[in-house]
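Residue numbers (this note's numbering): 3 to 208.
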């Protein structure tokens, strides 16, 4: 992890900018914010919440202070309330924060994603790392920055003898995650959304 920048509150603004640019054309986020005239602003507000939440209850990293890419991680531990706050708080805290940050209509669309969060915890009800978000600025995609963010953390997770879980709605990314040892646990249609979700797990190899 020595080559990565562990983010603090002073890094929120540039991290949010990178994630906003990375997810602007993502199908799920287009569903959240179909109006292109406000999508940039609303994505900024959403990712400001996600980054801030990860700093409080997880870990966040950037490839460098140029913020070519950003990754957010959560350690989910049902046996430790402090570590399980993500699964409990994220759903309930979303309601208030999202209405305030993105408006009621968009918040209702985003809350459909709670089904994905619940499915996550049904599939993996034990201590593990959750690969929450990764985004690379479009200007730097295809240059190895995603790999630079993923490999060190997976190496650390192996040493901790833990598994790692992620969700993706982008079929094109499945092969990338499989390259890093993730396997598809479940493929399903998110209720009320015409979007497919792939639940993936990288089991502890040791």
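Glycine included, every Cβ here is placed at the ideal spot set by N, Cα and C. Note that the structure is a prediction, hence the values are computed from the model and not measured.
With respect to the beta strand (DSSP E) encompassing residue i, which residues constitute its N-terminal and C-terminal limits?
i: residue 79; result: Where residue 79 is concerned, there is no enclosing beta strand (DSSP E), given that its DSSP letter is neither H nor E.
i: residue 143; result: Neither: residue 143 is in no beta strand (DSSP E) and is coded neither H nor E.
i: residue 204; result: 198–204
i: residue 189; result: 185–191
i: residue 130; result: 130–138
i: residue 167; result: 165–170
To the nearest angstrom, how far is it from the Cα of residue i to the Cα of residue j?
i: residue 198; j: residue 174; result: 12 Å
i: residue 18; j: residue 25; result: 11 Å
i: residue 14; j: residue 53; result: 7 Å
i: residue 43; j: residue 143; result: 22 Å
i: residue 27; j: residue 171; result: 12 Å
i: residue 109; j: residue 35; result: 10 Å
i: residue 38; j: residue 76; result: 30 Å
i: residue 184; j: residue 40; result: 35 Å
i: residue 16; j: residue 161; result: 30 Å
State buried or exposed for residue i, treating a residue as buried only when at least 16 other CB atoms are found within 10 Å of its CB.
i: residue 70; result: buried
i: residue 163; result: exposed
i: residue 50; result: buried
i: residue 11; result: exposed
i: residue 64; result: buried
i: residue 1; result: A query on residue 1 cannot be resolved here, the shown segment of the chain reaching from 3 to 208 and no further.
i: residue 190; result: exposed
i: residue 30; result: buried
i: residue 148; result: buried
Please list, in chain order, all residues of the same chain as residue i whose beta carbon is under 8 Å from its beta carbon, the five residues on each side excluded.
i: residue 114; result: 192, 193, 194 and 195
Here's a check: name, in chain order, each residue in its chain whose Cβ is nearer than 7 Å to the Cβ of residue i, leaving out the five neighbours to either side.
i: residue 118; result: 169, 192 and 199
i: residue 46; result: 18 and 22
i: residue 182; result: 152, 156 and 204
For residue i and chain B, any beta-carbon pair shorter than 8 Å?
i: residue 56; result: Absent from the structure: chain B. Only one protein chain is present.
Among the options, whose alpha-carbon lies nearest the alpha-carbon of residue i?
i: residue 48; options: 23, 63, 139 and 61; result: 23
i: residue 138; options: 176, 73, 160 and 5; result: 73
i: residue 133; options: 5, 61, 9 and 8; result: 61
i: residue 180; options: 29, 81, 201 and 124; result: 201
i: residue 8; options: 67, 40, 116 and 205; result: 67
i: residue 187; options: 107, 123 and 5; result: 123
i: residue 56; options: 32, 30, 136 and 107; result: 136
i: residue 167; options: 59, 206 and 58; result: 206
Along the chain, where does the alpha helix (DSSP H) that runs through residue i open and close?
i: residue 49; result: 38–59
i: residue 35; result: Here residue 35 belongs to no alpha helix (DSSP H), and DSSP marks it neither H nor E.
i: residue 176; result: 176–181
i: residue 14; result: 14–24
i: residue 117; result: 116–125
Can you list, in chain order, the residues of its chain with a C-beta nearer than 6 Å to that of residue i? Leave out the 5 residues immediately preceding and following it.
i: residue 90; result: Per-residue confidence for residue 90 stands at a pLDDT of 48, beneath the threshold of 50, marking its modelled position as unreliable; no derived number is given.
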